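Undergrad: Residue numbers (numbering that gives the first Met the number 0), protein chains in the order written: chain W, 0 to 637; chain S, 0 to 548; chain L, 0 to 150.
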Amino acid sequence: MIHAAFLIPILPLAGFAVLFSLGRRLGNPLAGWLATAMVAASFVVTVIVFVALFQQAPAHREFTQSWFTWFGAGRLRVGAGILVDPLSMTMAAFITGVSSLIHLYSIGYMKHDEQFPKFFTYLNLFVFAMLMLVLADNFVLSFFGWEGVGVCSYFLIAFWFERDEAASAGKKAMIFNRIGDAGFLVALFLIFERTGSFEYTTVFSRLGHVGTPSLVAIALLLFLGAVGKSAQIPLFPWLADAMAGPTPVSALIHAATMVTAGVYLMCRINPILHLTPDAAHVIAWVGAVTAFVGATSACAQNDIKKVLAYSTVSQLGYMFLAAGSGAYVAAIFLMLTHAFYKALLFLGSGSVIHAMDEDQDIKNMGGLARLMPITGVTFLIGWFSIAGVPPFSGFWSKGDVLQNAWAVTPALWVIGAVSALLTAYYMGREYFLVFLGERRWTEARPVADGHGKELGHGLHPHDPSWHMSLPLVVLATLAALGGFIDLPFHPNLVFLERWLDPVVGPSLLQTHFSVGQEWLFSVVDAVIAVTGVLVAASVWRASSSRPALEPRFLFMAWFVDRGEDRLVARTSTALANFTATVVESRIVDGAVNGVADLTRWSGERLRRIQSGYVRNYALGLVAGLVVLVAYVLVRVGS
Amino acid sequence: MTGSTAILASMAAHLLAAGGIAMPRIDYTAILPELILLGGMLVLVLVSSLSPRPLPTEAYATATVGIGIASLVASLVLWRDVSDHGPFTAVARAVNVDGFGVLFLVLVSCILVVAPLLAAGHLRREGVGGCEYYVLALISGSGAMFMATANDLVLIFLALEILSIPLYILAGFDHLRESSGEAAMKYFVLGAFSSAIFVYGIALTYGATGSTNLAQIAAFLARNVVTSDGVLLGGLALLLVGFAFKVAAVPFHMWTPDVYQGSPTPATGFMASMAKAGGFAALLRVFVTTFPTLRGTWQPAIWVIAVLTLVLGAVVALVQSDVKRMLAYSSINHAGFVLLGLQAATARGVAGSVFYLFTYSFLVLGSFAVVSAVGGKGDERHGLERYRGLGRRQPALAVTFAVLLLAQAGAPFTTGFFAKFYVVEAAVSAHSYALAAVAMGTAAVAAFFYLRLVFLMFSDVGRTIPTHEGAATGGTPTDTLEMPSAGGVATLVAAPVAALVEVAEPDPAIVAVSPWVAAGLVLCVATTLVFGVWPQPLVDFAHQATLII
Amino acid sequence: MGSLDSYLPIFVLFVLALAFAGLSIVASKLLAPQRPTSAKEAPYECGIVPANEPPQRFPVRFYLVAMIFVIFDIEVIFLFPWAVVYDQLGRFGLVEVIVFAAAAFFSLLYLVANGALDWGPVRRVRPVSSLQSRTTASTVRRVGTGSGEAA
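1. Compare the Cα-Cα distances from W/Leu6 to each of W/Val38, W/Leu29, W/Asn27 and W/Pro28 and report the closest residue.
2. Counting only beta-carbon separations shorter than 9 Å, does S/Val44 have a partner in chain L?
3. At the 9 Å Cβ level, is S/Ser48 part of the contact set with chain L, yes or no?
4. If we count the other Cβ atoms within 10 Å of its Cβ and call it buried at 16 or more, is W/Gln516 buried or exposed?
5. In terms of residues, what are the limits of the beta strand (DSSP E) holding W/Thr63?
6. Determine the DSSP secondary structure at S/Phe269, reduced to helix, strand or coil.
7. Do you know how far the Cα of S/Tyr133 is from the Cα of W/Asp136?
8. Express the C-alpha separation of L/Leu17 and L/Pro126 in angstroms, rounding to a whole number.
9. By the DSSP assignment, the alpha helix (DSSP H) with W/Phe197 in it spans what residues?
10. Using a cut-off of 8 Å between C-beta atoms, extract the partners of W/Ser65 located in chain S.
11. For W/Thr311 and W/Leu553, which I take to be in contact (beta-carbon distance under 8 Å), what is that distance rounded to the nearest angstrom?
12. Please report the Cβ distance between W/Phe291 and W/Val493, rounded to the nearest whole angstrom; I am assuming they are in contact, meaning their Cβ atoms lie under 8 Å.
13. Using a Cβ cut-off of 9 Å (strictly closer), state whether W/Leu471 contacts chain S.
14. Rounded to a whole number of angstroms, what is the C-alpha to C-alpha distance between L/Ile70 and S/Leu162?
15. What are the complete beta strand (DSSP E) segments, minimum 3 residues, inside the segment 52-130 of chain S?
16. Compare the C-beta of S/Lys275 against all C-beta atoms of chain W and say whether one is closer than 9 Å.
17. Could you name the residues of the segment 601-622 of chain W whose beta carbon sits closer than 7 Å to any beta carbon of chain S, in the order they occur along the chain?
18. Inspect the CB distances between the segment 364-383 of chain S and the segment 411-423 of chain S and report whether three or more fall short of 8 Å.
19. In its own chain, which residues sit with a C-beta less than 8 Å from the C-beta of S/Tyr449, not counting the 5 before and 5 after it?
20. Which same chain residues, not among the five before or five after W/Phe160, have their C-beta less than 6 Å away from its C-beta?
21. Starting from W/Val258 and walking both ways along the beta strand (DSSP E), at which residues does that stretch end?
22. Taking the C-alpha atoms as reference points, what is the distance between L/Ala65 and S/Val240?
23. Of all Cβ atoms in chain S, is any one closer than 9 Å to the Cβ of L/Val69?
24. With a threshold of 9 Å between beta carbons, is L/Asn51 in contact with chain S?
25. Given a threshold of 16 other Cβ atoms within 10 Å of its Cβ, counted over all protein chains shown, does S/Gly85 qualify as buried or as exposed?
26. Tell me, please, whether the segment 63-73 of chain W touches the segment 216-225 of chain W by the rule of three or more beta-carbon pairs shorter than 8 Å.
27. Starting from the C-beta of L/Gly92, find all residues in its chain whose C-beta is less than 8 Å away, skip the five residues before and the five after it, and write them out in chain order.
28. Looking only at C-alpha atoms, which of W/Asn27, W/Ala128, W/Gly365 and W/Gln114 sits nearest to W/Ile94?
29. Roughly how many angstroms lie between the CA atoms of S/Arg510 and S/Leu135, to the nearest whole one?
30. Counting along the chain, where does the alpha helix (DSSP H) carrying S/Ile201 start and finish?
31. Label W/Asn491 either buried or exposed according to how many other C-beta atoms from any shown protein chain fall within 10 Å of its C-beta, with 16 as the threshold for buried.
32. Where does W/Gly80 sit, in a helix, a strand or coil, going by DSSP?
33. Given the structure, does S/Val318 come close to the ligand GTP, in the sense that its CB is under 8 Å from one of the ligand's heavy atoms?
34. How big is the Cα-Cα spacing for W/Leu507 and W/Asn403?
35. Within the same chain, show all residues whose beta-carbon is closer than 7 Å to that of W/Pro233, passing over the 5 residues directly before and after it, in chain order.
36. Please classify S/Ser179: is it buried, with 16 or more other beta-carbons within 10 angstroms of its beta-carbon, or exposed?
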C-alpha cells in the first residue's frame, strides 16, 4: 500500500487541473466540494500509507519512490520522486487533514464570493505544492514545492486584489520570501557543489566529506530560507500584513502549514545541524527572540487576526527554538498541536468576522460567547491550548520545547517562559474582548461601514453554518486531546518520539532529565499558563481600553517593519532611483544604444555585400576558399 | 528521380570496382529508412501517373506523412538495434549505422512527417498541387539520410547531390513567380559550383590517403603522422567549403538570403531544416571522426567560420525588413551555433549539435509555415508591417509564431533555450571561452529581432479590425498545453488545432490557415514546449549520438 | 612515373584526334577551290529565299525532349557495365537491375502521363495573364487540363 504514496500529491493536482479548466463551469458550491473531496481523498491515501509504513519495522520505515528524471546536465541529475518516511508522512497527514477541514470551512466562508472557484483552484494548487515540499526526495523538488507554496500564498493573500492593502500585502509577502529564497537557492548550489547530489539520503550520507565551514554555511543559508518562509526575525512583518487574505487562507497557509515549512526544513536537515552546533545555536536564539517579540507584539494588537498573526510568529519562534536545541520531535510536536489550535483560532475568528460583517477590530466586539456558543466554546479551547493550560495540547508540546531549551541554556528557557506567560495573557485579552464583557458592537458600528444590504437590520451575530462549525468542533477536539500523542511521563507514552526516531534520532530530553525534574517543569509550565490566564481575566474582564498596556511600540511590533522600511526599503529605493535615472539612462543606455547603433550600422554595411548577382556570390565563395586554402598552406609551411 | 536510384547501382558499382567482383552482401535493413522513402516516392509517382484524375494535394501529403512515419518506425527499430547490439557498418562498409547516424534518420523522418502537413495548405493556395513537391521532399530526405550514415566520401558526395538537386527544384517550385525561378537558378549554379569544389576535395583526400572510405582514411591518418601534407590539408579545406556551403556558413552563405526569400515559403522551411540536417550530419562525422588528428588545423578554421557565421547572421538579420530574409539570416546565425559543437569536437559537442539540429528543425519548419500563411495568396506579403496586430486578428496564430520565435531566441521553457545552452556548454567545456562569449552576444542581438517581431504582432494596429471570436476562443495552444489531463486528450489535441484553423478570408487582414497547417504547427509548438519544460528525454536521445570510426 | 604509363594510349589518342581535326580544317582551306558567289553565301543554298529572319525562339519543347532523351540515354548506359559482368553478378545483379529499370520506367511513365512527350499545339493550362514569367515547367501540359493544378 505504500506504493499508493504517489497519489497523495497527485490528487490535489488533479483537482487543480480540473478546477483550472472547468472551475467556472462547476461554479459555486460544486467547485468547492470537488476541491474538498480531492484533498480529503488525499488525506485518506495518506492515512493508508501511514498505516502501511507503521506496520514496517522501525528500521525499514524509509521508502523512496522515483517517478522520472526531471532534468539533468553533466553530472547533475535531478529526479522527481518522493521520500516516504515517518517525518514526511507525519507532515503529509496533518497537512491533508487540516487542509480538508479548512476546505470544508471555506465552502461556507467564501459562499458569497464571486471568485469562489478560483479560490479553490488556488487552494488545491497550494495543497499540491505543500505536499511536494514535504514529500520530495531531494532538495530541488522541495524547492519547487517551496516556491509553489510561495506563489499560492501570494495569489491568496492578494485574492481580493481590488483592495490596495491586499495587493500590497501580497507583494510584501513575495518580496520578503524572495530574500529567504535567495538563501535557499545559494544553499542548493553549495550542497551540489560539495556533495554532487541533491537527494536527501545521498547528501546526508556524504556529509562526512564536507568541511565544517561549508556545513555551517549550508545550514545558515537554509535557515535564511526558513526565516523568510516562517516569518522569523528579521523577516516577519509580512505575516501580519498577510492577514489581508481570506481567513481560511490565514488559517491554512499562514498558521498551520506553509509557515511551518521552514521548521520542517530544519528537521529534515537534522543530520547537518547535528554536525554544526554553532548554526543550531543561532537558530535557537533567533527562535527564542522571535517568540518573545511576537508574543509582546500580540499583546497590543486590535485586529482579531493580527493578534493571531503575531501569535503565529511567536509560536514559530518556539518551533525554531526547539529545532535549534536539537529537539526535533518537540518542534514537530509543537507544529502539530499548533496547527490544530491555531487553525481553530483562525477559523473561529473567521466566524466572528463573518458574524460582525467583516469588522475585525476587537475593540468593537464583546459579549459574543452567548450568541455564538459553538464558536465561543471552541475558541476557549483554542485559547487554553495555546496558553498551555493542562491538559490541553499546548501544555505538552510547549512544555517539551521549554525543557529542551533549558537543556541547552537556562537563558533560552527564561525567554521562552516569559513568552509563554505573555501568550496566555494576550490570547486571554482577545478572548475577553471578543466573547465576554459588554456588547460594544451595536453602537460602535459606523453606519457607513459594511455592505449595503446589512445596513438596515443591524447585526445578528450567530454561529455559522455546519460547513464552518464542523471543522471548528473537530479542530477543537484535536486541540484539546492532541497532546496525548507524546506524553513525557513514561518511555512507552512518547508515541511521536518513537515514531520519528528513525529520522531525527532521540531528543535531548531523556538524557538530561529525571522524572522528578519533568514533573517540576510541568508544574512550572502549568503555573505560568494559569497565571497568564488569570492576569488577562483580571485586566480585561471589566475594561476594554487600557492604553498603558498597549504601548505604541508593541502595536507597531517593535518598529521592526518601519525600521526595515526606513533602513532597507527606502535606501534601496533611493539607490534604484539613482541607478534608473543616472546609471541606467545615461551610462547603460548610452552603452547599449551605442552597441545597438554600431550593430545596426554594421548590418547596413554588411547587407550591401548582398548584391543579388550570382557572380558576386560565387566570387565570395571563391574568396573564402582562397583564404581557407591559404591558411592550410601556411599550416603546411610551419 | 531515377538519379536517386542510381545510388544503389553506383554503390554496387563501387563495390565491384573495389574488390574485383566480390559478391556484395547488402544488408537491406541497415538502409531500410532510405529504402522506404525511395520506395514510397516511386509509389507516389506511379499513383500520380496512373490516376485518371489528379488527386488533391492533401492526399499526397497524407501519403507522405505515412511514408515519413514508416521510415520513422524503421529508424527507431534501427536505433534500438544500435543501442542493444552496438553500431555496425553495412553494405561493404559504405554505410555506417551508429547512434549518430540513426539519430539523423529519426530527425529526417520527423521532418518528413511535419513538412508535408505544413506545405499542403500553401500548395493548394498557390495552385501548384500534385505529387511533385512530396516526391522531391522524399528524395531529398533520402539524400540527407545517406549523408548521415555514409561511411565513404563518394557516397557522401552522391548523397549530397541527391539531397541538393530536389532542393534546387523545390526552390523553383512555384513556377509562376519569377523570384522563385531566380532562387532556383542561383541555388543551382552556386550549388553546382560548391559541389565541384567538394569533389575536388574528395580527390585530393583520396590522393593523400589512398582511400575514400572514412574508416580507412582515419586508420591511415592514425598510422601516419601527416599534419603538414599540403594535398591532404588542401583536400580538407575544399571539403570544408563544400559542407560550409550546404549548411550556409559564412562566407559561403551568400546564396541563402536570396534563395530563402525567393523559394516558396514551405520549401524554404523544408530546405532550411533538411539541408542543414544532412550537411551538418556529414560535416560532423567527417571532421570529428575521420580527421581528428588534424584537429589542430581545422579547429581554428571552424572557429573563425563560426564567429563570422554567428555575427553576420545576427547583425544583418537586424536590418532586414522582409521576414523571410530575416529568418534566412537568423538561420545563418543558428548554423553558427551548431558549429560551436563541431568546434568543440567532443562527444558533448556532437550531442549538443545534434540536439540543436533537432530543435531547430521544428522551429524553422513551423516559423516558415506561419510566414507562408501570413504571406497570403501569391506568397509575397512578407514585410514586417504585415505582422503588426496579428495578435489581435488571429491570436492563436500569433501565439504560435511567438512561441516559435521565442524558442529561436533561446527563451527558457522552450527547446531553443536548451539547444543554445548545450552547445555553449560544450564550447565552454572545450575551453573555447571566446567563441562561447561571441555566441551569447549574438544570441542577445538575435533576441532583439525576434522580439521585435513578437512585439509587432501584439502591438496595436491603430485601427480596429473586427476580431473573430470564433478563432480566439477555444484556447491558444500554449495555455491548453500547459494543463495536462484537463478535459481529456481529445480536447488537448483538437482545441489548439481548431483555434488555429481559419478557413475563410472574410477580411483581407485575416489569413487562411488550413487544418493541415494547423496540425503541423501544433506539432511544432508541442515539441518546442513539451521538451522545453522536460528536455531530459531529448537530451538522453541526443547523447546517444556516438560516432564510430 | 610508371603509373603514368597506362595513360599514354589516351594521350596519344588525344593528340591524334586534335591532329585529325586540325589537319582537316587546314587541308580544306589549302586544297579546296574558293570561288564565292552570292548564292553560295546565302543561309540556304537552295529553296525559297527567306523573306525575313528565321524566328529566334524555338518551342521549349525541343529542349525538353532533348533533355529527356539525354537523361534516359544516360540511365541506359548503366546497363552496359551490368551486362558485361552479368554472369558473375547472377541473381543479385538481375534483381538490382530490375529495380533500377522499374524506377526508370516509372519516371518515363510519369513523363508520358504529364504530357511531356505530347507534340502539337500547347493547350493552355492557365490564363495567359499568369504566364508573364514563363519557365520550362509552365509549358509542360498536364493531363486533365489543369483541374489537378488549379485549386
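Backbone N, C-alpha and C fix where the C-beta goes; we use that ideal spot for every residue, glycine too. Just so it is clear, the structure is predicted and the values come from calculations on it, not from any experiment.
TA: To lay it out plainly:
1. W/Val38
2. yes
3. yes
4. exposed
5. Phe62 to Ala72
6. helix
7. 50 Å
8. Because the pLDDT at L/Pro126 is just 43, under 50, the model does not fix this residue reliably, and the value given afterwards should be weighed accordingly. L/Pro126 and L/Leu17: Cα-Cα distance of roughly 53 Å.
9. From DSSP, W/Phe197 is part of no alpha helix (DSSP H); its letter is neither H nor E.
10. Residues of chain S passing the Cβ test: none, with the nearest at roughly 13 Å.
11. In fact, because the Cβ distance is near 16 Å, the residues do not count as touching under 8 Å.
12. Their Cβ separation, rounded to whole angstroms, is 28 Å, which puts W/Phe291 and W/Val493 out of contact at 8 Å.
13. no
14. 19 Å
15. 87-89 and 94-96
16. no
17. Ser601, Gly602, Glu603, Leu605, Arg606, Gln609, Gly611, Val613, Tyr616, Ala617, Gly619, Leu620 and Ala622
18. no
19. Ser329, Leu404, Leu405, Gln407 and Ala408
20. Ala166
21. Note, W/Val258: premise wrong, no beta strand (DSSP E); not H, not E.
22. 34 Å
23. no
24. no
25. exposed
26. no
27. Trp81, Val84 and Tyr85
28. W/Ala128
29. Checking the sequence, you will find Val at residue 510 of chain S rather than Arg. Approximately 27 Å between the Cα atoms of the pair.
30. Glu177 to Thr208
31. exposed
32. strand
33. Although the ligand GTP was asked about, the structure shown includes no ligands whatsoever.
34. At W/Leu507, the pLDDT of 48 sits below 50, so the modelled position is not reliable and the matter cannot be decided from this model.
35. Val559 and Glu563
36. buried
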